[in-house]
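Worksheet: one structure, shown below.
Residue numbers (this note's numbering), protein chains in the order written: chain L, 350 to 675; chain R, 6 to 297.
What follows is the structure, encoded as structure tokens:
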């Protein structure tokens, strides 16, 4: 699949084309235009800084959905050693929209679980576009319990538009599968670090998201409903998704400011897909720091702190306070 | 003709007013959405809002449910004065909440507290779908978590009647995280060995269905209640076909192994009473038995 061109990147692409044209011209006609080229490259640098340094929420959504955006398996390959994928929920099947397994991180045995999208149509059909069925969540839970038994920290990569909405998912208990992960994750006696790497769509994302630390890549999103869904409900028009993306506060910088996540992992300029190795390195650093903080904490303390972390989320007023304020 | 003088022929046309146009006068009469039978609301209330011709369960308000479920005068409410904030500065959210407060005389979409059923003490939460469609924002999540904490402190079981469209959009990720908060609180209850009975009423969908409502030691539902994760329209759009009428009903869930029992409203109180009795005393039931 060709690399997607995002509309706001057009000026950058145009300038890049111009520079390569000039370079080709220089080579062909043997005329020295290096002065010109240098100037244009400086301008390009500035332009990239301006555009990528001031992304609006909708532009970040587009980067989060970029067809070349690295997936869970891209990061696993680069961050961990000795990865062995483990399959199946032991109840129904092996959901390809969630991958999981055991590996080493800086020598430490860990369990890794993540949503898995495809990058082309064929892979997306196999992976159900990264939208898990109940058996996917039950596989994830099985691997978490296994990690708990063998005292391995758990690392979750979150990257889904949402849990699969379909007849079979309802019949097999999509609600129960998600809910079960929420309650069980809250009681895990090993460290859990979660990173949103693409889209974090609602309950389907949260089902891998009850962790001691929650991070987001700079251009990832986390939301209770997709911008399109919100726009359809709010203004009866899904084409107003851009506006909804701004209203809903779904980007990493917004959620960091609201205190809903623990940190933001900086992205390579222009998005993680520009340099996957570098991005993997950034993620590894964040993981390393978190695990150093968390490994060794008493299991009881870990569970208690995790409960307090979520218990503290929420903004509440009291009628009496309002009367006093008046 | 002389007869014309006495006839009551109308000299002008009458146009029914907007109110008169309604099939059923608001409040006085209630029309059953299922069998279309019209009943006096007063009469319907006497039979707990269950249609006497087809058995359809009309929605109850939170306090109606509490009165119907708990022993008389046993209810003590928790955290009654909590109201929503607007952390995202979401357009018209505060105004809409205020309108719902005035309309329902409730401060939020859930009422929590403690009381007894057949003499057995319990902590209880009841959602009310009239308030922002019963959606869960920070207040609903917090009230549930606090209720669970009180159950733990006082060694009581917890019963929750859900009626909710899911997580509240206007509080964004704050709402989403209430799913984790309520579930984590239930985990503490679980660790303490205390009973949680989830009763799903119409409707229990989305983020509420996918968190505490599905996590009962015993999951019950009222007949005909809509229960499910994804909205019907979204599923139909995804699969491009119409869904059967009984899809995502309590009976559908029972058939697919997602519920312990469908309990009609008239039997709910006695069923809950029996279940509480079977789980009391919470801590030393077995010891009591063994020690004779």
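Ideal Cβ placement from N, Cα and C applies to all residues, glycine included.
Which residue's Cα is closest to the Cα of residue 105 of chain R: R/135, R/78 and R/115?
-> R/135
With DSSP run on the structure shown, which of helix, strand or coil describes residue 182 of chain R?
-> helix
How many angstroms separate the CA atom of residue 378 of chain L from the CA atom of residue 396 of chain L?
-> 29 Å
Neighbouring residues, chain R, relative to residue 667 of chain L (Cβ below 8 Å) = 86, 87 and 88
May I ask you to report which of helix, strand or coil DSSP gives residue 449 of chain L?
-> strand
Can the beta-carbon of residue 386 of chain L be found closer than 8 Å to that of residue 368 of chain L?
-> yes
Helix, strand or coil at residue 45 of chain R according to DSSP, with G and I counted as helix | strand
Sufficient close CB pairs (3 or more, under 8 Å) joining the stretch 199-208 of chain R to the stretch 223-233 of chain R = yes
To the nearest angstrom, report how far apart residue 675 of chain L and residue 571 of chain L are at their CA atoms.
-> Residue placement at residue 675 of chain L is poorly supported in this model, since its pLDDT is 41, which falls under 50; the coordinates still yield a value, given next. Cα-Cα distance, rounded: 36 Å.
May I ask you to list the residues that DSSP assigns as paired with residue 562 of chain L?
-> L/542
The stretch 515-534 of chain L: which residues have C-beta closer than 9 Å to a C-beta of chain R, in chain order?
-> 515, 516, 518, 519, 520, 521, 522, 523, 524, 525, 526, 527, 528, 529, 530, 531, 532, 533 and 534
Have a look at residue 544 of chain L and residue 121 of chain R and give me their C-alpha separation to the nearest angstrom.
-> 44 Å
Same chain, Cβ closer than 7 Å to residue 139 of chain R, neighbours up to 5 away in sequence not counted | 114, 132, 133, 168, 169 and 170
Along chain L, in chain order, which residues have C-beta atoms closer than 8 Å to that of residue 186 of chain R?
-> 659, 660, 662 and 663
Would you identify the three-state DSSP class for residue 477 of chain L, choosing helix, strand or coil?
-> helix
Report the residues of the stretch 567-597 of chain L with a CB closer than 9 Å to any CB of chain R, ordered along the chain.
-> 571, 572, 573, 574, 578, 579, 582, 583, 596 and 597
According to DSSP, residues forming a beta bridge with residue 505 of chain L | L/462 and L/543
Please confirm if residue 261 of chain R has its CB atom under 8 Å from at least one CB of chain L.
-> yes
So which residues of chain L does residue 169 of chain R contact, with C-beta pairs closer than 9 Å?
-> Result: empty, since nearest Cβ-Cβ is about 12 Å, beyond 9 Å.
Quick one: which chain R residues come within Cβ less than 8 Å of residue 559 of chain L?
-> 185, 188 and 189
On the premise that residue 214 of chain R lies in contact with residue 184 of chain R, defined as a C-beta separation below 8 Å, what is that separation, rounded to the nearest angstrom?
-> Not a contact, Cβ separation roughly 10 Å.
Residue 508 of chain L and residue 546 of chain L look like a contact to me (Cβ under 8 Å); what is the Cβ gap, rounded to whole Å?
-> 5 Å
Look at residue 622 of chain L and residue 417 of chain L and say whether their C-beta atoms are less than 8 Å apart.
-> yes
Could you give the distance in angstroms between the alpha-carbon of residue 641 of chain L and the alpha-carbon of residue 615 of chain L?
-> 20 Å
Beta-carbon spacing of residue 232 of chain R, residue 253 of chain R below 8 Å | yes
Check the Cβ of residue 234 of chain R against every Cβ in chain L and list those closer than 8 Å, keeping chain order.
-> 512, 514, 518, 519, 523, 524, 527 and 552
Residues bridged to residue 299 of chain L by DSSP?
-> Beyond the ends of chain L as shown, which are 350 and 675, falls residue 299 of chain L; an answer cannot be given.
Cutoff 8 Å: residue 178 of chain R Cβ touching any chain L Cβ | yes
State yes or no: is the C-beta of residue 470 of chain L within less than 8 Å of the C-beta of residue 501 of chain L?
-> no
The beta strand (DSSP E) spanning residue 226 of chain R covers which residue range?
-> 223-226
Report yes if the CB atom of residue 605 of chain L is closer than 8 Å to the CB atom of residue 598 of chain L, and no otherwise.
-> no
State yes or no: is the beta carbon of residue 479 of chain L nearer than 8 Å to at least one beta carbon in chain R?
-> no
Could you confirm whether any beta carbon from chain L is found closer than 8 Å to the beta carbon of residue 95 of chain R?
-> yes
Quick one: any contact between the stretch 266-284 of chain R and the stretch 547-562 of chain L, if contact means 3 or more CB pairs under 8 Å?
-> no
7 Å Cβ shell around residue 182 of chain R - same chain, five flanking residues per side excluded = none
How about residue 187 of chain R and residue 150 of chain R: are their beta carbons less than 8 Å apart?
-> yes
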